[in-house]
Structure formats: structure tokens, C-alpha cells
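Each remark here refers to the structure printed beneath this line.
2 protein chains.
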Amino acid sequence: MYRIGQLAKQYQINADTLRYYEKNGLLVPSSRSDSGYRFYSDDDAKQLRFILRAKSVGFSLIEIQELLNIDNNRAQWACKDVKGMVEAKADVIQTKINELIQFRDSLQGLAKACCGGPESAEHCSILDALEESA
Amino acid sequence: MYRIGQLAKQYQINADTLRYYEKNGLLVPSSRSDSGYRFYSDDDAKQLRFILRAKSVGFSLIEIQELLNIDNNRAQWACKDVKGMVEAKADVIQTKINELIQFRDSLQGLAKACCGGPESAEHCSILDALEESA
DNA sequence: ATAAACCTTAGGGTTGGGTCTAAGGTCAAC
DNA sequence: GTTGACCTTAGACCCAACCCTAAGGTTTAT
Chain A
203 MYRIGQLAKQ YQINADTLRY YEKNGLLVPS SRSDSGYRFY SDDDAKQLRF
253 ILRAKSVGFS LIEIQELLNI DNNRAQWACK DVKGMVEAKA DVIQTKINEL
303 IQFRDSLQGL AKACCGGPES AEHCSILDAL EESA
Chain B
203 MYRIGQLAKQ YQINADTLRY YEKNGLLVPS SRSDSGYRFY SDDDAKQLRF
253 ILRAKSVGFS LIEIQELLNI DNNRAQWACK DVKGMVEAKA DVIQTKINEL
303 IQFRDSLQGL AKACCGGPES AEHCSILDAL EESA
């Protein structure tokens, strides 16, 4: 069992963030002390790791809630529902990947055309490219 | 010379957005009418295109301000400064892409291992795995 | 027994990138 | 000479995802 400050420190986040996650139903500590202190179990920590990982790759908290929701209501879902949900999420991620690849490529295209030398940017191709009309 | 509404309409943005850009020093109209109406010149429109284009490839308004600073003062910058900025941005995007690919793959791995049948998800391999991998 | 370090709550503030509203001024047309 | 489209300003509000503060209660070490 961890108190809020311990868990926060361990995952390098703010204790307020954990309270915020609780308020939004993402991570409710599995117990409280008599005095009201939050107690987080190892399972809670596991769920926190899932949240942080999903967040780090760009899922919104609402999307993370959906993912967690499947798990918290197992009996209400059929295997195919779960599989469909996961595949849908994978598709969403793929779309994000495609967008980012496009973005990366356009940046790399700009960089590639630039001499990158120490001379003045008077005739910099990157700046010229950004000035071109769309 | 364009009034704010004309310029906004031409570039399919909100007039408020142009006022917002002005407030943030991104695009100050080159003149005003006696009554205070903003007048945007062709050069202003050119700068707006720069802003919109940079935004569309993922630069934040603050980053765009930096780029404009360079652009408006090209002589004081070297090509490598500009190229460095763009490459750094591309690196950040690449990191994000890598994370997303990893996450997509793990979701696809989960879906692949699932029977996907109509029975209850009580013993669904995806949910079990989700708890492990999280 | 007291101080330090921790926890509780409610509720307000921040950032980024806008969007909207209110209350009023301007300008062209009929 | 008034209608309607446009413009002005200041300031409120939006969202996500937190962060901070105040006022107080708890735990632990000395």
C-alpha cells in the first residue's frame, strides 16, 4: 500500500494529478485509512502505469477511460466486443501515426532542401518554402 | 488592402483569430483607417500565409513567432539555425511515432490472441493481457 | 509535546489557441 | 435617414490536463 505522495514520487507525477485522475474515474485508490488517507495497492499502481503509458503516446484521458472501462465491466462485454474495441483503438493509433508521418516528412523535406550552412539565412530555402502560398 | 473580415474569409479563419494573432505579435496589420479599422496589405497576407503554413506542419504559435523573427531578420541568422529548429521538431515527432508504433503493435498483439467470440469477456485474453502489460 | 512532513477538502488559476458576447461606432445602399 | 453588414473594444468563456492555495487534520520522529 502506498500513500498518495509515495505513489506520486515513484512515478514522478504530482499528487494533485492522482486526485485529478480519481475525480475523473481513471484511478480510484482501492482503500482509504480511517483518517481518509488514500491507499494505493499494487494493482492500482499497475493501472497507473497503464494510464501513464497510454497518455505518453497521445491518448486523451477520456480515451484512456474507455480502455479501462472495458476491463472494469468484463461481464458486460463479449470477447468480440473487446476485440473490436481494441482493433478500433489500434486503427485510431494508426491514423495518428499516419498524420505524424506526414508531418515528419514535410519537416524533413524542408530540412533536406536547406544547405544548413553557417552562412546567412538571407536565401534560406526553409523560410522561402514557408512563405510560398499554399 | 483588406479589412479583417475580407482577409479572414479569404483564408477561412475567424476574424477573432486575426485579432488574436495581432495581440500575440504574430501579425500586426500595417495600417488602420481613420476610424480604427484594420487594413492588411499584401505583405501582411503573405505573412499570414507563412503563419498558417507553419501551423499546418505542426509548429506552435510561439515557434512560429521565432520563425518569423528569423524571417524578418534573415541577415542575422545562419541557415543551420533554421535547419536545426526544423530537424529538432522532426526528431520530437519521430519519437512520438515510435511510441505509437509500439503501442499499436501491443494492441494488435492483444487482438490477435483473442478468440473474438460471442461469449462473455470474463476470461478474455485481451483483458488479462491488458492488466499484465499495464 | 511539539515540529515536520504528510494528508484532506473545496475551489480558483494556468496554458494554448482560440471563440463568443456586449455595447457601441462606421459605411454603403435604398 | 435608416437598415444591415461590417468594424471596434474589453472581457468572459471554452477545453484539456493539470497546478496551487487555504485552512485544517494525521503521523512520525525527537
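Protein chains in written order, with my numbering: chain A, 203 to 336; chain B, 203 to 336.
Using N, Cα and C, we set each Cβ at its ideal position, and we do this for glycine too.
Once DSSP output is grouped into helix, strand and coil, what is the label at Arg-240 (chain B)? Numbered from 1 along the second sequence, position 38 holds the residue referred to as residue 240 (chain B). The answer is strand: DSSP assigns Arg-240 (chain B) an E or B state.
Given a threshold of 16 other Cβ atoms within 10 Å of its Cβ, counted over all protein chains shown, does Ala-336 (chain B) qualify as buried or as exposed? On the second sequence, position 134 is the one that residue 336 (chain B) refers to. In this prediction, Ala-336 (chain B) has a pLDDT of 42, which is less than 50 and means its spatial position is unreliable; what the coordinates show is noted afterwards. Classification of Ala-336 (chain B): buried, given that the 10 Å Cβ count is 16 or more.
To the nearest angstrom, how far is the alpha carbon of Lys-285 (chain B) from that of Ala-247 (chain B)? Sequence index remark: in the second sequence, residue 285 (chain B) carries index 83 (1-based). Sequence index remark: in the second sequence, residue 247 (chain B) carries index 45 (1-based). Each residue's Cα considered, the two are about 25 angstroms apart.
Verify whether the separation of the beta carbon atoms of Lys-257 (chain B) and Leu-302 (chain A) is less than 8 angstroms. For the purposes of this step, residue 257 (chain B) is taken as residue 55 along the second sequence, with counting starting at 1. For the purposes of this step, residue 302 (chain A) is taken as residue 100 along the first sequence, with counting starting at 1. No. Outside cutoff.
Proximal residues to Cys-326 (chain A) (C-beta, below 7 angstroms), its chain only, five neighbours per side dropped: As a working note, residue 326 (chain A) is residue 124 in the first sequence. Within the same chain, Cys-326 (chain A) has close Cβ partners Cys-316.
What residues in its chain sit with their C-beta under 7 angstroms from that of Leu-329 (chain B), if we drop five residues either side in the sequence? Against the second sequence, residue 329 (chain B) aligns to sequence position 127. Once the five neighbours on either side are set aside, the close Cβ partners of Leu-329 (chain B) are Ala-323.
Mind listing the chain A neighbours of Ser-322 (chain B)? Cutoff is C-beta to C-beta under 8 angstroms, in chain order. Residue mapping note: residue 322 (chain B) aligns to position 120 of the second sequence, counting from 1. The answer, in chain order, is Arg-276, Ala-277, Trp-279, Ala-280, Cys-281.
Less than 8 angstroms between the CB atoms is what I'm expecting for Leu-263 (chain B) and Tyr-242 (chain B), so what's the real figure, rounded? Against the second sequence, residue 263 (chain B) aligns to sequence position 61. Against the second sequence, residue 242 (chain B) aligns to sequence position 40. Contact flag wrong, Cβ pair sits at about 18 angstroms.
Between the alpha carbons of Asp-283 (chain B) and Ile-253 (chain B), how many angstroms are there, rounded? Position 81 of the second sequence, counted from the first residue, corresponds to residue 283 (chain B). Position 51 of the second sequence, counted from the first residue, corresponds to residue 253 (chain B). So the alpha carbons of these two residues sit roughly 19 angstroms apart.
Opening and closing residue of the alpha helix (DSSP H) in which Tyr-204 (chain A) lies: By 1-based counting over the first sequence, the position of residue 204 (chain A) is 2. Note, Tyr-204 (chain A): premise wrong, no alpha helix (DSSP H); not H, not E.
What do you reckon, are the CB atoms on Arg-276 (chain B) and Arg-240 (chain B) nearer than 8 angstroms? What you label residue 276 (chain B) is simply residue 74 of the second sequence in a count that begins at 1. What you label residue 240 (chain B) is simply residue 38 of the second sequence in a count that begins at 1. Cβ atoms of Arg-276 (chain B) and Arg-240 (chain B): not closer than 8 angstroms.
In chain order, what residues of the same chain lie with their CB nearer than 7 angstroms to the CB of Tyr-213 (chain B), ignoring the 5 residues before and after it? Locating residue 213 (chain B) in the second sequence gives position 11, where the first residue counts as 1. Around Tyr-213 (chain B): Leu-250, Leu-254.
Could you name the residues of the stretch 297-323 of chain A whose beta carbon sits closer than 8 angstroms to any beta carbon of chain B, in the order they occur along the chain? For the stretch 297-323 of chain A, residues whose beta-carbon sits nearer than 8 angstroms to a beta-carbon of chain B comprise Lys-298, Ile-299, Leu-302, Ile-303, Phe-305, Arg-306, Ser-308, Leu-309, Gln-310, Leu-312, Ala-313, Cys-316, Cys-317, Gly-318, Gly-319, Pro-320, Glu-321, Ser-322, Ala-323.
Closer than 8 angstroms to chain A by CB, Ile-206 (chain B): Numbered from its first residue, the second sequence carries residue 206 (chain B) at position 4. Cβ-Cβ to chain A under 8 angstroms: no for Ile-206 (chain B).
Looking only at its chain, what residues have a beta carbon closer than 6 angstroms to the beta carbon of Tyr-223 (chain B), apart from the 5 residues adjacent to it on each side? Residue mapping note: residue 223 (chain B) aligns to position 21 of the second sequence, counting from 1. Excluding positions up to five away in sequence, the list reads Leu-229.
What residues from the stretch 255-267 of chain A come within 9 angstroms of chain B, judged by C-beta to C-beta, listed N to C? Arg-255, Ala-256, Ser-258, Val-259, Gly-260, Phe-261
Hey, which unbroken runs of the alpha helix (DSSP H) at 4 residues or more fall wholly within the stretch 261-315 of chain A? For the stretch 261-315 of chain A, whole alpha helix (DSSP H) runs of length 4 or above, ordered along the chain, are 263-274, 281-314.
Option in A:Ala-313, A:Lys-291, A:Leu-309 with minimal Cα separation from Phe-261 (chain A): The residue given as residue 261 (chain A) occupies position 59 in the first sequence. Nearest of A:Ala-313, A:Lys-291, A:Leu-309 to Phe-261 (chain A), Cα basis: A:Lys-291.
Using a cut-off of 7 angstroms between C-beta atoms, extract the partners of Asp-273 (chain B) located in chain A. To locate residue 273 (chain B), count along the second sequence from 1; it is residue 71. Within 7 angstroms Cβ-Cβ: Leu-329.
Measuring straight from C-alpha to C-alpha, what distance separates Ile-295 (chain A) and Ile-266 (chain A)? Position 93 of the first sequence holds residue 295 (chain A). Position 64 of the first sequence holds residue 266 (chain A). For Ile-295 (chain A) and Ile-266 (chain A), the distance between alpha carbons rounds to 13 angstroms.
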